Amino acid sequence: MILLNTNSSVVKKFPEKVKEFGKFDLSQQINFTDRIIDRLLKSAPPYKLKQISSVLKNLSSTKKSLINSKILSIQKPFHELTQKQREHTFIKWSTSQYASVRKIYKSFTMLICATFWLNPYNFNPVIGYPGADPEANGSRFSSRNFPKYNFLEISDHDSDIKEFDTIIIGSGAGGSVVAARLARVENVLVIEKGHHYDQCDLSTEQQDGYDKLYELSGGMLTDDSNMYVLAGSNFGGGTTIGWSAFMEPQYFVREEWAKNFGLPYFMEDEYGNAMKYINARLGTNTINIINNQSNQTLINGCKKLGLHSDNIPQNTASITHQCGWCSFGCKYGEKQSATMTWLNEAKSNNAKFLKNCYVEKILIDKDGKSQKVMGVEVIINNIKRVKIHAKRVVVSAGAIHSPALLLRSGLKNKNIGRNLHVHPIAAVYGVFPNKEIKTYSGTIMSAISNATENVDGENYGAKIVVGSHHPGFMFANFPWKSNLQHKQLMLEYNNIVPLMVITRDREGGRILTDENGKPRLEYKLSQHDSKSMVAGLLTAVRILAAAGATKIGTCQTVIDDYIVENGVNPLNDPKFDQFLNKIKKVGIPTYQTCTGTIEQMSSCRMGDDPNKSAVNPVGEAWEVENLYVADSSVLPTATGVPSMVC
Numbered sequence: 000m001i002l003l004n005t006n007s008s009v010v011k012k013f014p015e016k017v018k019e020f021g022k023f024d025l026s027q028q029i030n031f032t033d034r035i036i037d038r039l040l041k042s043a044p045p046y047k048l049k050q051i052s053s054v055l056k057n058l059s060s061t062k063k064s065l066i067n068s069k070i071l072s073i074q075k076p077f078h079e080l081t082q083k084q085r086e087h088t089f090i091k092w093s094t095s096q097y098a099s100v101r102k103i104y105k106s107f108t109m110l111i112c113a114t115f116w117l118n119p120y121n122f123n124p125v126i127g128y129p130g131a132d133p134e135a136n137g138s139r140f141s142s143r144n145f146p147k148y149n150f151l152e153i154s155d156h157d158s159d160i161k162e163f164d165t166i167i168i169g170s171g172a173g174g175s176v177v178a179a180r181l182a183r184v185e186n187v188l189v190i191e192k193g194h195h196y197d198q199c200d201l202s203t204e205q206q207d208g209y210d211k212l213y214e215l216s217g218g219m220l221t222d223d224s225n226m227y228v229l230a231g232s233n234f235g236g237g238t239t240i241g242w243s244a245f246m247e248p249q250y251f252v253r254e255e256w257a258k259n260f261g262l263p264y265f266m267e268d269e270y271g272n273a274m275k276y277i278n279a280r281l282g283t284n285t286i287n288i289i290n291n292q293s294n295q296t297l298i299n300g301c302k303k304l305g306l307h308s309d310n311i312p313q314n315t316a317s318i319t320h321q322c323g324w325c326s327f328g329c330k331y332g333e334k335q336s337a338t339m340t341w342l343n344e345a346k347s348n349n350a351k352f353l354k355n356c357y358v359e360k361i362l363i364d365k366d367g368k369s370q371k372v373m374g375v376e377v378i379i380n381n382i383k384r385v386k387i388h389a390k391r392v393v394v395s396a397g398a399i400h401s402p403a404l405l406l407r408s409g410l411k412n413k414n415i416g417r418n419l420h421v422h423p424i425a426a427v428y429g430v431f432p433n434k435e436i437k438t439y440s441g442t443i444m445s446a447i448s449n450a451t452e453n454v455d456g457e458n459y460g461a462k463i464v465v466g467s468h469h470p471g472f473m474f475a476n477f478p479w480k481s482n483l484q485h486k487q488l489m490l491e492y493n494n495i496v497p498l499m500v501i502t503r504d505r506e507g508g509r510i511l512t513d514e515n516g517k518p519r520l521e522y523k524l525s526q527h528d529s530k531s532m533v534a535g536l537l538t539a540v541r542i543l544a545a546a547g548a549t550k551i552g553t554c555q556t557v558i559d560d561y562i563v564e565n566g567v568n569p570l571n572d573p574k575f576d577q578f579l580n581k582i583k584k585v586g587i588p589t590y591q592t593c594t595g596t597i598e599q600m601s602s603c604r605m606g607d608d609p610n611k612s613a614v615n616p617v618g619e620a621w622e623v624e625n626l627y628v629a630d631s632s633v634l635p636t637a638t639g640v641p642s643m644v645c
């Protein structure tokens, strides 16, 4: 069997399990169809479900059509093809001249692979993955006390509530800080559309984590289905699932905001002092970092090439924090998320909290000369509709939901929803067969290279880091190319170092709303930002080669892996140069590259001109008095660092 020749640590340990894995036929697993349907119902909005239904009907049609025979290259219903024919068809679709066909290839391979590896039929051992954190219920968890929260219960008789000075919509990085400050002097209500999970509720299992903590169970996509979108949806927001990396915006970013958007505050001592306060409050530093194998490999490769590398400050209360499962919530409460810090402070000052509460619209008094905020209209537990009144409303629902809420509340400023930046991600991987990397373990993102952060000469480019690559996330970033390739890659999982290229995008996208007022994320990578991403990919590949990888692959569907020949230094190998040239030539074609976003910003950007911004320099909406926005959506441009810090 070919798989037994895979050069990985797990093949030697579990040869019989590898044979079973090789023979495994997913099409024979009857319940897998139910899993796919369940994932689609959780993650796909109605308009996407209609698109999927249309494609499936066409593929299963018994009528010979021009679309099937000419464009899709199949002569009979897809389900009547043999397994080999189905595989060959998908491979052919991946290189189709038609974008719509490549979209089918990418959408279904990503959906199937991700769904499988979130719960892989007892095949976790064969790839060397333990599933849940083995230490999750040990003394590190049981020896600690964690903040406890009580939530308002709205009775069936209450439909109009009048008792708050300020309502804050959202409990993440923005809303939690505002709540902590205002609760000292005001009667504050924090509204969260997601649920709250205590530490004991965090299983650290992939599927459970995505279902509980992420927007649309981690299955959100851009409007064209070309990019995955990860965002928090829980009490604590993105801080609950963050990777602990804490970097302040660089000087040139703050200077751009001050000069181009009339925001001198970002260059003043007051802003610097605010950053110092936050760093002290969260215990942010690099002193106690222990890099895992993946992060250390990034540093080693950079040193050999003479490239910049550094450790990333961690918001972990100045302690060593090795929690590879933090993307599913920090079981140990060591990461200083909103529930560990700002929300706890707000609670101590008698702030009130509502969970599972969707804000349908902001109530606005339009009778006077100027519009004034009156409160919000909410739906609790998808059932009960209530109006809650307040003198001030602060929208901190994140860069996806904040503009959507403003739009469905009737605000007309043309900049609401526009200028969306997402720090688009691409990735490469290197295989180190003689090392057990276990990239899922240890500190998630503790090293960085800024070697390609200024590709265009105007401080737009890409940074290179390590991400939280649990199996389900692997195939958001690396394409299925064939059944054999897929299985070989997963057998190498424990020996893989994945590097992520995070692009500071200059060009923006847009948040729109669908017929139900829910957000739609419209984003296409520009030619300018594609160049930045490719520059990052090329450098990341060179870093892996310098660090000793024996095989290197990219997120690009049409590029074969580079294999290092025995005794050959890849940096002096003409074949390696050809590999780099092909990466550059292919670029980032739509539906032939795995790309995504784990942070979003700038969709309600602030500024001193209502023709160029959605809110004024203090975050107040230009159209409505006492309506503020306080989250990453107000940041004028892409930050180049985690947006929740700014």
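First residue of the sequence shown? That's 0 in numbering that gives the first Met the number 0, and the numbers climb one at a time after it.
Ideal Cβ placement from N, Cα and C applies to all residues, glycine included.
Since the structure is predicted, the reported quantities are computational estimates derived from the model, not experimental observations.
In terms of alpha-carbon separation, which member of the options lies closest to residue i?
{"i": "residue 591", "options": "70, 14 and 95", "result": "95"}
{"i": "residue 150", "options": "230, 633, 530 and 191", "result": "191"}
{"i": "residue 47", "options": "103, 13 and 8", "result": "103"}
{"i": "residue 232", "options": "245, 222, 226 and 218", "result": "218"}
{"i": "residue 331", "options": "140, 437 and 531", "result": "140"}
{"i": "residue 29", "options": "120, 302 and 336", "result": "120"}
{"i": "residue 556", "options": "442, 45, 109 and 617", "result": "109"}
{"i": "residue 91", "options": "573, 272, 479 and 561", "result": "479"}
{"i": "residue 588", "options": "185, 37 and 93", "result": "93"}
{"i": "residue 113", "options": "468, 164 and 307", "result": "468"}
{"i": "residue 320", "options": "285, 399, 484 and 607", "result": "285"}
{"i": "residue 449", "options": "306, 293 and 226", "result": "306"}
{"i": "residue 646", "options": "424, 403 and 423", "result": "The chain is shown only over 0 to 645; residue 646 falls outside these bounds and no answer can be derived."}
{"i": "residue 51", "options": "206, 249, 27 and 39", "result": "39"}
{"i": "residue 337", "options": "314, 349 and 565", "result": "314"}
{"i": "residue 471", "options": "266, 204, 530 and 255", "result": "204"}
{"i": "residue 60", "options": "69, 76, 220 and 71", "result": "76"}
What is the C-beta distance between residue i and residue j, in whole angstroms, given that I count them as a contact (C-beta under 8 Å)?
{"i": "residue 195", "j": "residue 354", "result": "5 Å"}
{"i": "residue 383", "j": "residue 153", "result": "6 Å"}
{"i": "residue 491", "j": "residue 7", "result": "5 Å"}
{"i": "residue 254", "j": "residue 266", "result": "6 Å"}
Hey, residue i and residue j: beta-carbon distance below 9 Å or not?
{"i": "residue 58", "j": "residue 87", "result": "no"}
{"i": "residue 459", "j": "residue 257", "result": "no"}
{"i": "residue 439", "j": "residue 621", "result": "no"}
{"i": "residue 660", "j": "residue 598", "result": "With the chain represented from 0 up to 645, any question about residue 660 goes unanswered, as that position is not in the structure."}
{"i": "residue 177", "j": "residue 351", "result": "no"}
{"i": "residue 197", "j": "residue 396", "result": "no"}
{"i": "residue 662", "j": "residue 633", "result": "Past the boundaries of the shown model lies residue 662; the chain is included only from 0 to 645, so the question cannot be answered."}
{"i": "residue 476", "j": "residue 554", "result": "yes"}
{"i": "residue 291", "j": "residue 443", "result": "yes"}
{"i": "residue 14", "j": "residue 25", "result": "no"}
{"i": "residue 594", "j": "residue 246", "result": "no"}
{"i": "residue 558", "j": "residue 393", "result": "no"}
{"i": "residue 328", "j": "residue 211", "result": "yes"}
{"i": "residue 346", "j": "residue 545", "result": "no"}
{"i": "residue 446", "j": "residue 419", "result": "no"}
{"i": "residue 348", "j": "residue 432", "result": "no"}
{"i": "residue 208", "j": "residue 42", "result": "no"}
{"i": "residue 618", "j": "residue 628", "result": "yes"}
{"i": "residue 172", "j": "residue 237", "result": "yes"}
{"i": "residue 530", "j": "residue 454", "result": "yes"}
Name, in chain order, the residues that DSSP records as bridge partners for residue i.
{"i": "residue 448", "result": "463"}
{"i": "residue 429", "result": "496 and 551"}
{"i": "residue 389", "result": "163"}
{"i": "residue 314", "result": "283"}
{"i": "residue 274", "result": "DSSP, once it has assigned bridges, lists no residue as partnering residue 274."}
{"i": "residue 325", "result": "DSSP, once it has assigned bridges, lists no residue as partnering residue 325."}
{"i": "residue 359", "result": "None; residue 359 has no bridge partner."}
{"i": "residue 352", "result": "189"}
{"i": "residue 417", "result": "509"}
{"i": "residue 520", "result": "510"}
(message) Is it the case that the stretch 450–466 contacts the stretch 498–505, given that we only count it when at least three CB pairs across the two stretches are under 8 Å?
(response) yes
(request) Report yes or no: do three or more beta-carbon pairs, one from the stretch 537–556 and one from the stretch 503–512, lie closer than 8 Å? (result) no
(request) Indicate whether the contact test is met: 3 or more Cβ pairs, each with one atom in the stretch 386–406 and one in the stretch 157–174, closer than 8 Å. (result) yes
(message) For the pair the stretch 341–351 and the stretch 303–317, tell me if three or more CB-CB distances fall below 8 Å.
(response) In this structure the stretch 341–351 does not lie against the stretch 303–317, because fewer than three pairs of beta carbons, one per stretch, are closer than 8 Å.
(request) Taking 8 Å as the threshold, find out whether the stretch 237–246 comes into contact with the stretch 527–547 through three or more Cβ pairs. (result) no
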